[in-house]
Each structure stands twice: as structure tokens, then as C-alpha cells.
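One structure is given below, encoded as C-alpha cells.
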Amino acid sequence: MSLSGQHIVNAGAAESALEKPILESIAVSKHFHSEAGLFQRKKPPVQAVNEVSLAVRRGETLALVGESGSGKSTLGRVLLNLLKPTAGDVIYEGRNLGNLPADKLRQVRRDLQIIFQDPFASLNPRMSVESIIGEPIWLHRDDSRSARQDKVAELLRTVGLAPEHGSRFPHEFSGGQRQRIGIARALASEPRLILGDEPVSALDVSVQAQVVNLLEDLKHQFGLTLLIVAHGLAVIRHMSDRVAVMYLGEIVELAPVNALFETPFHPYTQALMAAVPVSHPDLRRPRPLLGGDMPSPSKPPSGCRFHTRCPHAKPLCREVKPLFDTVEPGRQVACHYWREIANAGAGSLIVPTPSAAYSQRLNLFKSHQALSLESQP
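Going by our numbering, 303 is the number at position 311 of the sequence shown; the sequence numbering is gapless.
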């Protein structure tokens, strides 16, 4: 199959031929069409995902990041065959999911599971926790009722809940507990790959850390492959092996997590990193500012889709769509001028050294505090 002229994202030249990906997309596109009304013209299709090729390695945690509307969740659902692609193929373990008959596809469903963003809307309020978690076991395994109940109790313990919680209903739990129930449901069919669609974004910060740590533990305990869709860059850096940055339906940069955070090459990735807030005004540093909003996915710009907001855009960017350039083995970027702007405003989650003025004011504050303590009787 020829893939020339299309965005191809892969592990790079260093990946061994024996390390075949567990899941991959080949030039996948997903367009949503709208019907024309009686007094309304038919609108152009929304290009949610456009010619994306991506390989998920076995046992890794791959993160998809980008602004809202960049196509992350749509791509994830296409990879799990929850949405049929408009074009391209999704390959799981060497099998094209688009060509599988219904009985074979049902077997694959057992291996590919999802954790939804909203831990309340994704749970049926009329079903008990035992029924929610036990349903995948009933669908995919020929177990007796007692064996199913034992399995549910085991899963509840695994995610940090008590077995007696199985008789309760979703509204009786907190947000973090409901997400744990969703994780237990995803584990019930003994999957090989789990998609986390913003799994912690709806939770409190303290609960987010608990759920992230839980996912990390489960990954190693069950040998899972994780595909995480998220906005929180701190979460991504903590739990990911590789990061794919999406903008307007396309992947613009793919890199190992540490390399991406230390030296982002694409100007959009640089802007995302620089937008991470710092703890003190004196710790701020110059950062690239993006003008305007993301263009409509129904009318994407010509050439590079980011050129309308890129501070480094040139005429070539408006006319020619950039192909992925291999920066180094395992790292690609889609930008005509990434070499020239490699260090332009690169951000990092590592806290920089405080400025001299900040250190001076801090020492002055400490000396005043010490004097006030000494003056007290």
C-alpha cells in the first residue's frame, strides 16, 4: 500500500521490525456531513481527522494532546472502531477492523476498552455497580453468576473500592469513586488496550493524582497498553512514554515525552508548553503568543493548517502542506522551518531558576520575619 504524500507517524528508523504495533491507523480520516435543510444550503463536511497515520506500541502509554476541537477524541474513537473512518484503515494485531465480520469484531471489542471523560454520564444511573461492572463479563465470558460476582468484587478491590459497594448506585459515589467504577468496568473484559478519553479532567486536582497513579499501577499489573487523550500537560509528562500533538485534525509533532517537553520543535507545541502557568511572576519568561482562534474544521486553511496563527509563518506555509520530517529516530515534526525556530520560546514544566530580583526580595522578607520574631517578648 502506497502512503506517499500523506502524513505518516511511526516509531522511526530505530524501531525494530519485530516490534509490530498493537494498534495503528493508516491515513485515517473522519469527516462529519450535515444534511441540507429546506431553506438551508448543504454545509461542507467537518474534517475532524485528516489523513492521520499513527502506531501504538505494545505496552506503552501514548498521549494525544491539543486544544479542544483538535480531533483527539474523534481519533481515539476511530481507533477503537466506535466511529467508522471516512477513509483509511485501522489495524489491530494485523487485522483490518473495517473488514472484520460481526462475530470477529465482537471478539476484538473485548481487547479494546475505553474510559470516558464524565464519570457520571458514562454510568447507567438505574444499574447497580455490580451490574455495571459485571455486564462486560456477561457479554464476553461464559461465567456463572457466582463467578461473575466474585470477579466484580475482585475488580472493586483492584481499583480501591470495597466489595460491598457493588450493591450501590452511581449517584451514591463521589466523582473520583465513579471514575474508579468506570476503570473497573473497562478492566472487566480483560482488555489489552484501554483508551482514556480525558479520564481525569472532570476530577479535582487531588483526585486526579490518585486516578493517574491507579492507571499506572494497573498498566504494569495487567500488562496494558494505554492511549490517553488529555489537556493536562503535567499529567501527560508524568504517565506517558510518547506524545502526539494534534492541531485541527492532524498530528503536527510526535516525540518521546521527555524530548518533547525539553525541546519542542513545532511552534504549536512550543505555544502549548509556554502556556503552562508558573508559580510566581518573576519566574515568567518570554513565550510565543497565538493570535485568533482555531479555524473551522469545515474550512481548514490551505497549506499548513497552523499558518493562520503561527508567529513564524511565511508564504511557503500558506501554499504547501508540510510533510513529516524526521528530526531523530523516533521523533517527527510537520513544519517547514522547524530548524530555524527550534528554540523559539520553547517551554518546559521544569521550574526555572528564580531571578536575582526575586531571590533578593525573598531574602529581605526572611530577614524582616526574623527581626519581628526576635522583637516579640
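Beta carbons: idealized from backbone N, C-alpha and C, even for Gly. The structure presented is a predicted model; accordingly, all values stated were derived computationally and were not measured.
Would you call T53 buried or exposed, if buried means 16 or more other Cβ atoms sit within 10 Å of its Cβ? Taking the sequence shown and counting its residues from 1, the one referred to as residue 53 is at position 61. Under this definition T53 is a buried residue.
So if DSSP puts N88 in a beta bridge, which residue, or which two residues, is it bridged to? The count along the sequence shown starts at 1 and reaches residue 88 at position 96. N88 is bridged to I83.
Grouping DSSP H, G and I as helix and E and B as strand, with all else coil, what is A370? Residue 370 lies beyond the residue range present for the chain, which begins at -7 and ends at 369; the question has no answer from this structure.
Using a Cβ-Cβ cutoff of less than 6 Å, which residues in the same chain neighbour G168 once the five nearest sequence positions on both sides are dropped? To locate residue 168, count along the sequence shown from 1; it is residue 176. If we look at G168 and ignore the five residues flanking it on each side, its Cβ neighbours are L195 and V199.
Answer yes if the stretch 94 to 111 comes into contact with the stretch 39 to 52, meaning at least three C-beta pairs across the two stretches below 8 Å, and no otherwise. no
Take the Cβ of C288 as the centre, count every other Cβ of all protein chains shown within 10 Å, and call the residue buried at 16 or more, exposed below. Translated into the one-based positions of the sequence shown, residue 288 becomes position 296. Residue identity differs from the one stated: residue 288 is Ser in this sequence, not Cys. It counts as exposed.
Along the chain, where does the beta strand (DSSP E) containing K22 start, and where does it finish? In the sequence shown, counting from the first residue as 1, residue 22 sits at position 30. That run of the beta strand (DSSP E) goes L15 to F24.
Looking at the secondary structure, which residues open and close the beta strand (DSSP E) in which T217 lies? The count along the sequence shown starts at 1 and reaches residue 217 at position 225. That run of the beta strand (DSSP E) goes T217 to V221.
Less than 8 Å between the beta carbons of F165 and I173, yes or no? The residue labelled residue 165 in the question sits at position 173 within the sequence shown. The residue labelled residue 173 in the question sits at position 181 within the sequence shown. In contact: F165 and I173 (Cβ atoms closer than 8 Å).
Out of S114, A145, I186 and H212, which one is the CA nearest neighbour of G126? What you label residue 126 is simply residue 134 of the sequence shown in a count that begins at 1. Considering only alpha carbons, the answer is A145.
Using 8 Å as the cut-off, can you tell me whether the stretch 171 to 191 makes contact with the stretch 133 to 148, which would need three or more C-beta pairs spanning the two stretches below that distance? yes
For P183 and L216, what's the separation of their Cα atoms in angstroms? Position 191 of the sequence shown, counting from 1, holds the residue named residue 183. Position 224 of the sequence shown, counting from 1, holds the residue named residue 216. Distance between the alpha carbons of P183 and L216 is about 8 Å.
Would you kindly report the start and end of the unbroken beta strand (DSSP E) that includes G188? Taking the first residue of the sequence shown as position 1, residue 188 is located at position 196. From DSSP, the beta strand (DSSP E) with G188 extends over L185 to D189.
In the structure shown, what three-state DSSP assignment does I228 receive? Here the question's residue 228 lines up with position 236 in the sequence shown. In this structure, I228 counts as helix in the three-state DSSP scheme.
Would you say G224 and L207 are within 8 Å of each other, going by their C-beta atoms? Within the sequence shown, the letter at position 232 stands for residue 224. Within the sequence shown, the letter at position 215 stands for residue 207. One thing to note: G224 has its Cβ no nearer than 8 Å to the Cβ of L207.
The beta strand (DSSP E) enclosing R323, as first and last residue numbers: In the sequence shown, residue 323 corresponds to position 331, counting from 1. Taken as a continuous stretch (DSSP letters only), the beta strand (DSSP E) holding R323 covers R323 to V325.
Please classify L74: is it buried, with 16 or more other beta-carbons within 10 angstroms of its beta-carbon, or exposed? Locating residue 74 in the sequence shown gives position 82, where the first residue counts as 1. Classification of L74: exposed, given that the 10 Å Cβ count is below 16.
Alpha-carbon to alpha-carbon, H212 and T78: What you label residue 78 is simply residue 86 of the sequence shown in a count that begins at 1. What you label residue 212 is simply residue 220 of the sequence shown in a count that begins at 1. Approximately 35 Å, taken between the alpha carbons.
Own chain, CB closer than 7 Å to F31, minus 5 neighbours either side, in chain order: As a first step, residue 31 is located in the sequence shown; it is residue number 39 there, counting from the start. Nothing meets the Cβ criterion.
Taking just the CA atoms, how far does D233 sit from P248? Walking along the sequence shown from the start, residue 248 turns up at place 256. Walking along the sequence shown from the start, residue 233 turns up at place 241. C-alpha separation (whole angstroms): 6 Å.
Do A40 and T66 count as a contact pair if the criterion is CB distance below 8 Å? Counting from 1 along the sequence shown, the entry for residue 66 is found at position 74. Counting from 1 along the sequence shown, the entry for residue 40 is found at position 48. Against a cut-off of 8 Å, the Cβ pair of A40 and T66 comes out as a contact.
Excluding the 5 residues flanking K291 on each side, which residues of the same chain have their C-beta closer than 7 Å to its C-beta? Against the sequence shown, residue 291 aligns to sequence position 299. Same-chain partners within the cutoff: P36.
Can you tell me whether Q141 is helix, strand or coil according to DSSP? Against the sequence shown, residue 141 aligns to sequence position 149. If DSSP states are grouped into helix, strand and coil, Q141 belongs with the helices.
Less than 7 Å between C-beta atoms, sequence neighbours within five positions excluded: which residues of the same chain meet that for L131? As a position in the sequence shown, residue 131 is number 139, starting the count at 1. Same-chain partners within the cutoff: there are none.
Kindly indicate which three-state DSSP category D103 falls into: helix, strand or coil? What you label residue 103 is simply residue 111 of the sequence shown in a count that begins at 1. In the three-state reduction of the DSSP assignment, D103 falls in the helix class, which pools H, G and I.
Under 8 Å between the Cβ atoms of V44 and I228? Here the question's residue 44 lines up with position 52 in the sequence shown. Here the question's residue 228 lines up with position 236 in the sequence shown. No, they are not a contact pair.
Member of F112, P256, P269 and S294 whose CA lies at the smallest distance from the CA of I333: The residue given as residue 333 occupies position 341 in the sequence shown. Among F112, P256, P269 and S294, the Cα nearest to that of I333 is on P256.
Span of the alpha helix (DSSP H) holding E262? As a working note, residue 262 is residue 270 in the sequence shown. It should be noted that the sequence gives Gln, not Glu, for residue 262. Its alpha helix (DSSP H) spans residues P259 to A266.
8 Å CB neighbourhood of D317 in its chain, flanking five on each side removed: For this step, residue 317 is matched to residue 325 along the sequence shown. Closer than 8 Å at Cβ, skipping near neighbours: Q324, V325, A326, C327 and W330.
Mapping DSSP to helix, strand and coil, what is Q171? Along the sequence shown, one-based indexing puts residue 171 at 179. Of the three classes helix, strand and coil, the one that applies to Q171 here is helix, per DSSP.
Quick check: what's the CA-CA separation for Q262 versus C296? For the purposes of this step, residue 262 is taken as the residue at position 270 of the sequence shown. For the purposes of this step, residue 296 is taken as the residue at position 304 of the sequence shown. The straight-line gap from Cα to Cα measures roughly 16 Å.
Can you tell which of A305, V192, M238 and E245 has its C-alpha closest to the C-alpha of A226? Against the sequence shown, residue 226 aligns to sequence position 234. The candidate whose alpha carbon is nearest that of A226 is V192.
Given that a residue counts as buried once 16 or more other Cβ atoms are within 10 Å of its Cβ, and exposed if not, what is N91? The residue given as residue 91 occupies position 99 in the sequence shown. Taking every protein chain shown into account, the CB of N91 has fewer than 16 other CB atoms within 10 angstroms, so this residue is exposed.
Beta-bridge partners of A236, as assigned by DSSP: Sequence index remark: in the sequence shown, residue 236 carries index 244 (1-based). BP columns for A236 point to L56 and L246.
Does DSSP classify S45 as helix, strand or coil? For this step, residue 45 is matched to residue 53 along the sequence shown. Annotated three-state conformation of S45 is strand, per DSSP.
Tell me which same chain residues have a C-beta within less than 7 Å of the C-beta of A139, skipping the five on either side of it? If you number the sequence shown from 1, residue 139 lands on position 147. None.
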